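Participant:
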Amino acid sequence: DIREQLEKIENTKGVYEYKKTILDKNGIIGGLMKQMGSVPKEEKADFGKKVNELKNWASEHFDELNTKLKEKEMELRYESEKIDISMPAKSRKTGNLHPVTQVRNQLIDIFASMGFSVYEGTEIETDYYNFTALNTPQDHPARDMQDTFYLSPEFLLRTQTSAGQVHVMESQKPPIKILSPGKVFRSDDDATHSPMFTQMEGLVVDKTITLCDLKGMLEVLVQKIFGEGTTTRLRPSYFPFTEPSVEVDVSCFACGGCGCRLCKGTGWIEVLGAGIVNKKVLENCGIDSEEYSGLAFGIGIERLAMLKYGINNIKLLYQSDMRVLDQINDD
Ligand code: PHE
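Rendered as structure tokens:
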């Protein structure tokens, strides 16, 4: 009977189930053992021996079949789980940082290597820090340069990270070397201006700081951002908080100077405003302007990102369009 049944079993589970019905304490062989009591005395030894032989025989056959079926099952499993290691891997898309964040981080890295540390100011400022302390009092015509969102007569959304200069100079003694990245707000809205954008302020105050230091630092900056061959050019400009003030141009990295649409044929692209910190600003912050001088610059990060990645509309940076954002990954 057992032999016949075993032939029909197709898998190890079947072996296990059938084995239970035969060999378990309550199985058939167990049942035979229990009958021992009713077997006549003289037959007991023989009966016991036969049952034991049957038990050993059955065990052996169960084990044998089990081993055979197990091997077969493993083979099937190997077959079904086989992987083709020559198949091209599925690429798993990871996110990347926003282009503005990438450029911001690149700028921080570049300036950190020159010894700058980061100061993050606040987006809501007082009129005093954003304008008055920066030599731009209430009636100063330069206030017109930055169309401001006022929250109250006293508070406003900062129009420039330059507000951070004042906080830093009020609370730290020279030598000072800080970068202040952050959002700024102006009531502007067109292809190259957005009501909110990001700036990176730089401020150095020490003995004998000159425009040469400024030019040297900015030259390193543009070469790291736009490529080794790029140079800078300073043009006179005006900001109330710097004297002299300059507009910094970078040599056109797109056409190499022969004239293209990006540089409007001039070979130069305006990238940032800068200057030597106005003595009045130093004095407003309690720094002796006879002993110390400073340089400051303000970089528009979106502008840099647009130039670097060839983006022609600032709105593309804020629309979360993956077709745009996916293409920009310098990290
Ligand atoms: N704050 C100026 C602006 O937003 C830029 C600037 C910063 C100019 C520092 C000079 C020095 O236009």
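Just so you know, the sequence shown maps onto residues 11 to 341 in UniProt numbering.
Cβ atoms here follow ideal geometry from the backbone N, Cα and C, with glycine treated the same way.
Because the structure is a prediction, the values reported are computed rather than measured.
Under three-state DSSP, which class holds residue 202?
Facilitator: Residue 202 sits at position 192 when you count from the first residue of the sequence shown. The answer is coil: DSSP assigns residue 202 none of H, G, I, E or B.
Participant: Taking 8 Å as the cut-off, decide whether the C-beta atoms of residue 250 and residue 169 are in contact.
Facilitator: As a first step, residue 250 must be located in the sequence shown, where it is residue number 240. As a first step, residue 169 must be located in the sequence shown, where it is residue number 159. Taking 8 Å as the Cβ cut-off, residue 250 and residue 169 do not qualify as a contacting pair.
Participant: Leaving out five residues before and five after residue 339 in sequence, what residues of the same chain have Cβ atoms less than 6 Å from its Cβ?
Facilitator: As a first step, residue 339 is located in the sequence shown; it is residue number 329 there, counting from the start. Same-chain partners within the cutoff: 106.
Participant: Is residue 306 near ligand 1, with its Cβ less than 7 Å from a heavy atom?
Facilitator: Locating residue 306 in the sequence shown gives position 296, where the first residue counts as 1. Yes - ligand 1 has a heavy atom lying nearer than 7 Å to the Cβ of residue 306.
Participant: Closer than 7 Å to a non-hydrogen atom of ligand 1 - does that hold for the CB of residue 283?
Facilitator: Mapped onto the sequence shown, residue 283 falls at position 273. Yes - ligand 1 has a heavy atom lying nearer than 7 Å to the Cβ of residue 283.
Participant: With burial defined as no fewer than 16 other Cβ atoms inside 10 Å of the residue's Cβ, what is the status of residue 32: buried or exposed?
Facilitator: In the sequence shown, counting from the first residue as 1, residue 32 sits at position 22. Label assigned to residue 32: buried.
Participant: Tell me whether residue 29 is buried or exposed, calling it buried when 16 or more other Cβ atoms sit within 10 Å of its Cβ.
Facilitator: As a position in the sequence shown, residue 29 is number 19, starting the count at 1. Buried, since its Cβ has 16 or more Cβ neighbours within 10 Å.
Participant: Quick test of your reading: residue 284 and residue 260, contact by CB under 8 Å. State the CB separation rounded to the nearest angstrom.
Facilitator: Here residue 284 is taken as the residue at index 274 of the sequence shown, counted from 1. Here residue 260 is taken as the residue at index 250 of the sequence shown, counted from 1. Not quite, the Cβ-Cβ distance comes to about 12 Å (not below 8 Å), so this is no contact.
Participant: Spell out whether any CB of chain C is found under 8 Å from the CB atom of residue 162.
Facilitator: Annotation note: the requested chain C is absent from the structure, which comprises a single protein chain.
Participant: Is any heavy atom in ligand 1 found nearer than 7 Å to the beta carbon of residue 211?
Facilitator: For this step, residue 211 is matched to residue 201 along the sequence shown. True, at least one ligand heavy atom lies under 7 Å from that Cβ.
Participant: Using C-beta distances below 6 Å, list every residue in its chain close to residue 112, excluding the 5 sequence neighbours before and after it, in chain order.
Facilitator: Here residue 112 refers to the residue found at position 102 of the sequence shown. Excluding residues within five positions, the ones whose Cβ falls inside 6 Å are 340.
Participant: Going by C-alpha distance, which of 314, 116, 80 is nearest residue 263?
Facilitator: One-based indexing of the sequence shown puts residue 263 at position 253. Comparing Cα positions, the closest option is 314.
Participant: Taking contact to mean at least 3 C-beta pairs separated by less than 8 Å, is the region 214-227 in contact with the region 296-307?
Facilitator: Contact between the region 214-227 and the region 296-307 is present, because at least three Cβ pairs lie under 8 Å.
Participant: Between which two residues does the beta strand (DSSP E) carrying residue 87 extend?
Facilitator: Looking up residue 87 in the sequence shown gives position 77. That residue, residue 87, is in no beta strand (DSSP E); its alpha helix (DSSP H) goes 51-90.
Participant: Leaving aside the five residues before and after residue 137 along the sequence, list all residues of the same chain whose C-beta is less than 7 Å from its C-beta, in chain order.
Facilitator: The count along the sequence shown starts at 1 and reaches residue 137 at position 127. For residue 137, where only same-chain residues beyond five positions count, the Cβ hits under 7 Å are 164, 166.
Participant: Spell out the partners DSSP gives residue 210 in its beta bridges.
Facilitator: Position 200 of the sequence shown holds residue 210. Partner(s): 191, 309.
Participant: For residue 144 and residue 178, which I take to be in contact (beta-carbon distance under 8 Å), what is that distance rounded to the nearest angstrom?
Facilitator: In the sequence shown, the residue the question calls residue 144 occupies position 134. In the sequence shown, the residue the question calls residue 178 occupies position 168. Contact flag wrong, Cβ pair sits at about 13 Å.
Participant: Tell me which same chain residues have a C-beta within less than 7 Å of the C-beta of residue 248, skipping the five on either side of it?
Facilitator: Counting from one through the sequence shown, the residue named residue 248 turns up at place 238. Excluding positions up to five away in sequence, the list reads 255.
Participant: So, using beta-carbon positions, are residue 267 and residue 275 closer together than 8 Å?
Facilitator: As a working mapping, residue 267 is identified with position 257 in the sequence shown. As a working mapping, residue 275 is identified with position 265 in the sequence shown. In this structure, residue 275 does not lie closer than 8 Å to residue 267 by Cβ.
Participant: Please state whether the Cβ-Cβ distance between residue 226 and residue 130 is less than 8 Å.
Facilitator: The count along the sequence shown starts at 1 and reaches residue 226 at position 216. The count along the sequence shown starts at 1 and reaches residue 130 at position 120. No.
Participant: Starting from residue 257, trace the beta strand (DSSP E) both ways and give me its first and last residue.
Facilitator: Mapped onto the sequence shown, residue 257 falls at position 247. 252-261 is the span of the beta strand (DSSP E), which, as asked, contains residue 257.
Participant: Going by DSSP, what residue range makes up the beta strand (DSSP E) through residue 122?
Facilitator: Walking along the sequence shown from the start, residue 122 turns up at place 112. Counting along the chain, residue 122 falls outside any beta strand (DSSP E), though it belongs to the alpha helix (DSSP H) covering 109-122.
Participant: Based on DSSP bridge pairs, tell me the residues matched to residue 141.
Facilitator: Within the sequence shown, numbered from 1, the residue matching residue 141 stands at position 131. None; residue 141 has no bridge partner.
Participant: Relative to the C-alpha of residue 236, which residue among 120, 77, 103 is closest?
Facilitator: Locating residue 236 in the sequence shown gives position 226, counting from the first residue. Selected option, being the one with the closest Cα: 120.
Participant: How is the alpha helix (DSSP H) around residue 181 delimited, first residue to last?
Facilitator: As a position in the sequence shown, residue 181 is number 171, starting the count at 1. From DSSP, the alpha helix (DSSP H) with residue 181 extends over 173-181.
Participant: For residue 104, does the count of other Cβ atoms within 10 angstroms reach 16, so buried, or fall short, so exposed?
Facilitator: Against the sequence shown, residue 104 aligns to sequence position 94. Exposed: under 16 other Cβ atoms inside 10 Å.
Participant: Are there three or more Cβ pairs, one per stretch, closer than 8 Å when the region 74-93 is compared with the region 19-29?
Facilitator: Verdict: yes, contact present.
Participant: Measuring only the C-alpha atoms, how far is residue 273 from residue 91?
Facilitator: For this step, residue 273 is matched to residue 263 along the sequence shown. For this step, residue 91 is matched to residue 81 along the sequence shown. If I take the Cα positions, the gap works out to 60 Å.
Participant: Looking only at its chain, what residues have a beta carbon closer than 8 Å to the beta carbon of residue 311, apart from the 5 residues adjacent to it on each side?
Facilitator: What you label residue 311 is simply residue 301 of the sequence shown in a count that begins at 1. Same-chain partners within the cutoff: 110, 113, 114, 117, 191, 207, 208, 209, 210.
Participant: Assign residue 122 to one of two classes, buried (16 or more other C-beta atoms within 10 Å of its C-beta) or exposed (fewer than that).
Facilitator: As a working note, residue 122 is residue 112 in the sequence shown. Residue 122 should be labelled exposed.
Participant: For residue 86, does the count of other Cβ atoms within 10 angstroms reach 16, so buried, or fall short, so exposed?
Facilitator: Position 76 of the sequence shown holds residue 86. Exposed, by the Cβ-count rule.
Participant: Consult DSSP for residue 226 and reduce its assignment to one of helix, strand or coil.
Facilitator: Mapped onto the sequence shown, residue 226 falls at position 216. Here residue 226 sits in helix by DSSP.
Participant: Exposed or buried, what is residue 195 when buried is set at 16 or more other beta-carbons lying within 10 Å of its beta-carbon?
Facilitator: As a working mapping, residue 195 is identified with position 185 in the sequence shown. Buried is the call here.
Participant: If you follow the beta strand (DSSP E) that residue 129 is part of, which residue opens it and which one closes it?
Facilitator: Here residue 129 refers to the residue found at position 119 of the sequence shown. That residue, residue 129, is in no beta strand (DSSP E); it is neither H nor E in DSSP.
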